[in-house]
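Enquirer: For what it's worth, the numbering used here labels the leading residue of the sequence shown as 4, then goes sequentially.
The C-beta atom is built at its ideal place from N, Cα and C for all residues, glycine as well.
Let me give you the structure first, and then I'll get to my questions.
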Amino acid sequence: MRVRAAAVCCHALILGVLLTIISATHLQAGEFGTRDEAVAMVKRVQEKFKKDGPEATFRALNNNAPGFVDRDLFPYVHKIDGTQLVACGPIPAIRGKNLYDMKDQDGKFTTQEFVRIATTPPYHGWSDYRFLNPKTNMVEEKSAWIERMGDYLVGVGIYKNEQPNQNTIGLISGSPNSDDTYLQMAYDLADVLNDGDNLRILPIAGIGGPRNIRDVRYVRGVDIGLTQTNILNNFRRSNERLGQFDDKIVYIAKLFNEEVHLVARPDITSIEQLRDLKVNLDAKGSGTSYSMRDLFNSLGIKVQEVSMSQPEAIEKVRSGEIAATALIAGKPVRSMTKVTREDGLHLVPIPYPRQLQDDYLPTTLTHDDYPELVADGDSVTTVAVSAVLIAFNWPKTNLDRYSRVQRFVDAFFPKIAEFQKPPRHVKWHEVNLAATLPGWKRFEAAQAWLDHHGSPEANNGTQPVAVEQPVAPQPKPAVVRPAAAPAPARPQQSSIEQFLRWKQTRGQ
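This is the structure:
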């Protein structure tokens, strides 16, 4: 057996050297076979085997007949028990050899794996192993499509590292320095949807907001992204004023609300008091920076803008160097949960006048969200924006890019309930895939999925709550009481919550 194993190792070395010499003549720079092409070549071998029989088939393969060698692709045929390699065109030195005990670099018995696949229902499948790449002259990850063929098995392999990454989806998200919800959501998507070679979500740390729109629009390798609906709308309005009508961005799904958090020192009790004071608007180019500038402008409040990370900004609010810091993110936000009563900071209420109602929603921050910032039984009024998942409007003629986004949709939409389970971000509970974004076109494959499967119900499958003749509430700003104040009875459901539930069920 040791002599046999030594012979097999010798054959493997010969195979590697000959493969480097012979197969290199078939390769051009950057040209490697794909999985679909490997499967198609196996099918051609099967067709010839049925039509012309074993001897004629093996002769054609061993003579490198047209259709049976293509760049790094070539078929090999073993007896079904793996004891003899009967056909392998580019490597004549190993024909007729017994490679049953051949191992790859990791010690995997490759031929034995081929035999197992070919003799076990459904009698075909992929086998992964490590093998010499004749183009790079390095041992790399390889995958072979194996099928049973009568008393034989036939396989064609591809180099996994040389594939066009057609199953990799680049997702531009948020910045960790901004404590952004987007990055957490992106990693949730990767955790739930990643499926080996079938699909891989690649989260990319971005800036957020307007930059993410541009990255989806222009950056190669970015397939989808997260941004805010108010920024999308402002971009469209700005373009239209310039006579530009760009339909290159489409949405996949409207997701969840992102609340405005405005944390200030003790002497600031209203947003009006921030006029002409230093306020941190987060990193330049971020969604918070863009939207807070828009919000302050809409309210007619001019502030001195500063840009820094949230941990740094909170320290400067504590020391009195700046008056407040703003962050737009899905509650509860980690940086805000670290603020304690001893810091003396608090959340400033934000009103909801008419000029905000086109792009913002009214909402509240409660004791349950931030026990150290809001007294039990109290709430702080604020506003929110909607997060949306966008893509480039690829035409179907661009098969690679369109199919990438379609593959993501087909994986994501059926699994929305999986995202609503721990330990995923709590904001997934707000997602209603059927919610629409007025004035924007949904990615064609996403709309087709919804049309075919029906509109999923909002909010974890619960029945929508009917609210007759809803009217947008005009709540009075709440006052944050000291922690020692007695906790009043909490209302069962505020008018703001009713309004939000109504808008959610209406898909707005």
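Confirm the yes/no value for this check: CB of Ala326, any heavy atom of the ligand ATP, distance under 7 Å.
Expert: For the ligand ATP, the structure offers nothing, since it holds no ligand at all.
Enquirer: Please state whether the Cβ-Cβ distance between Gly288 and Gly212 is less than 8 Å.
Expert: yes
Enquirer: Spatial neighbours of Pro354 within its chain, please: CB distance less than 8 Å, with the 5 preceding and 5 following residues excluded, ordered by chain position.
Expert: Ile274, Leu302, Thr384, Pro480
Enquirer: Would you report the Cα separation of Ile271 and Ile255, rounded to the nearest angstrom?
Expert: Whole-angstrom Cα-Cα distance: 40 Å.
Enquirer: For a quick check, are the C-beta atoms of Met339 and Val263 less than 8 Å apart?
Expert: no
Enquirer: How is Asp183 classed by DSSP in three states: helix, strand or coil?
Expert: Coil, per DSSP.
Enquirer: Within 10 angstroms of its Cβ, does Phe248 collect 16 or more other Cβ (buried), or is it exposed?
Expert: Per the 10 Å Cβ criterion, exposed.
Enquirer: Indicate the three-state DSSP secondary structure (helix, strand or coil) for Asp104 in the structure shown.
Expert: Collapsing the DSSP output to three states places Asp104 in coil.
Enquirer: If we call anything under 8 Å between Cβ atoms a contact, is Leu205 one with Leu192?
Expert: no
Enquirer: Taking the alpha carbon of Ala2 as the reference point, which residue from Ser322, Glu345, His349 has its own alpha carbon closest?
Expert: Beyond the ends of the chain as shown, which are 4 and 511, falls residue 2; an answer cannot be given.
Enquirer: Is the segment 149-159 touching the segment 82-98 in the sense that three or more CB pairs, one from each, lie closer than 8 Å?
Expert: Taking 8 Å as the limit for Cβ pairs, the verdict is that the segment 149-159 does touch the segment 82-98.
Enquirer: Express the C-alpha separation of Asn435 and Pro374 in angstroms, rounding to a whole number.
Expert: 28 Å
Enquirer: Can you tell me the Cβ-Cβ gap for Leu284 and Ile304, rounded? I've got them flagged as a contact below 8 Å.
Expert: The pair is not a contact, with the Cβ atoms about 12 Å apart (cut-off 8 Å).
Enquirer: How long is the line joining the alpha carbons of Arg484 and Glu318, rounded to whole angstroms?
Expert: Summary for Arg484: the model assigns pLDDT 36, below 50, so the residue's position carries little reliability; its value from the coordinates is reported in the next sentence. Roughly 23 Å separates the two Cα atoms.
Enquirer: Quick check on Ala327: does DSSP put it in helix, strand or coil?
Expert: strand
Enquirer: Closest by CA to Ser294, which one among Val320, Arg214, Asp218, Arg337?
Expert: When each option's Cα is compared against that of Ser294, the closest is Arg214.
Enquirer: Under a three-way DSSP split, which group does Met311 fall into?
Expert: coil
Enquirer: So Gln187 and His370 are supposed to be a Cβ contact under 8 Å. How far apart are they, rounded?
Expert: Not a contact, Cβ separation roughly 23 Å.
Enquirer: Could you give the first and the last residue of the continuous alpha helix (DSSP H) run that contains His455?
Expert: 447-456
Enquirer: Near Thr60, which residues of its chain fall below 7 Å by C-beta distance, leaving aside the five closest residues on each side in sequence?
Expert: Val48, Lys51, Phe52, listed in sequence order.
Enquirer: Between Tyr134 and Gln108, what straight-line distance do the alpha-carbon atoms span, to the nearest angstrom?
Expert: Reading off the sequence, residue 134 comes out as Phe, not Tyr. One C-alpha to the other measures close to 7 Å.
Enquirer: Tell me which same chain residues have a C-beta within less than 6 Å of the C-beta of Ser292, skipping the five on either side of it?
Expert: The answer, listed in chain order, is Leu284, Asp285.
Enquirer: Let me make sure I understand the geometry here. Which of Leu156, Val159, Gly199, Tyr155 has the alpha-carbon closest to that of Thr171?
Expert: Gly199
Enquirer: Identify whether Tyr355 lies in helix, strand or coil by the three-state DSSP scheme.
Expert: coil
Enquirer: Can you tell me whether Gln231 is buried or exposed, with buried defined as 16 or more other CB within 10 angstroms of its CB?
Expert: Gln231 is buried by the Cβ-count criterion.
Enquirer: Using 8 Å as the threshold, is the segment 358-369 in touch with the segment 383-399, meaning 3 or more CB pairs across them?
Expert: yes
Enquirer: Below 8 Å on the Cβ atoms is my guess for Val1 versus Arg445; work out the distance and round it to an integer in Å.
Expert: Nothing can be reported for residue 1, as the shown portion of the chain is limited to 4 through 511.
Enquirer: Give the straight-line distance between the Cα atoms of Pro410 and Leu402, rounded to the nearest whole angstrom.
Expert: It is Arg, not Pro, that sits at residue 410 in the sequence shown. The C-alpha of Arg410 lies about 12 Å from the C-alpha of Leu402.
Enquirer: On the DSSP bridge assignment, give the partners of Asn283 in chain order.
Expert: Val309, Thr328
Enquirer: By Cβ distance below 8 Å, which residues in the same chain neighbour Gln307 in space, the five residues on each side in sequence not counted?
Expert: Asp279, Leu280, Lys281, Val282
Enquirer: Here's the rule I'm using: 16 or more other beta-carbon atoms within 10 Å means buried, otherwise exposed. How should Ile120 be labelled?
Expert: buried
Enquirer: Does DSSP classify Asn136 as helix, strand or coil?
Expert: strand
Enquirer: Verify whether the separation of the beta carbon atoms of Glu144 and Asp131 is less than 8 Å.
Expert: yes
Enquirer: Can you give the Cα-Cα distance for Ala68 and Val89, rounded to whole angstroms?
Expert: 16 Å
Enquirer: Residue range of the alpha helix (DSSP H) that Pro57 falls in?
Expert: 57-65
Enquirer: Beta-carbon within less than 8 Å of Gly209's beta-carbon, same chain only, minus the 5 sequence neighbours each way: which residues are those?
Expert: Ile175, Ser176, Gly177, Ser178, Tyr185, Asn215, Asp218, Gly228
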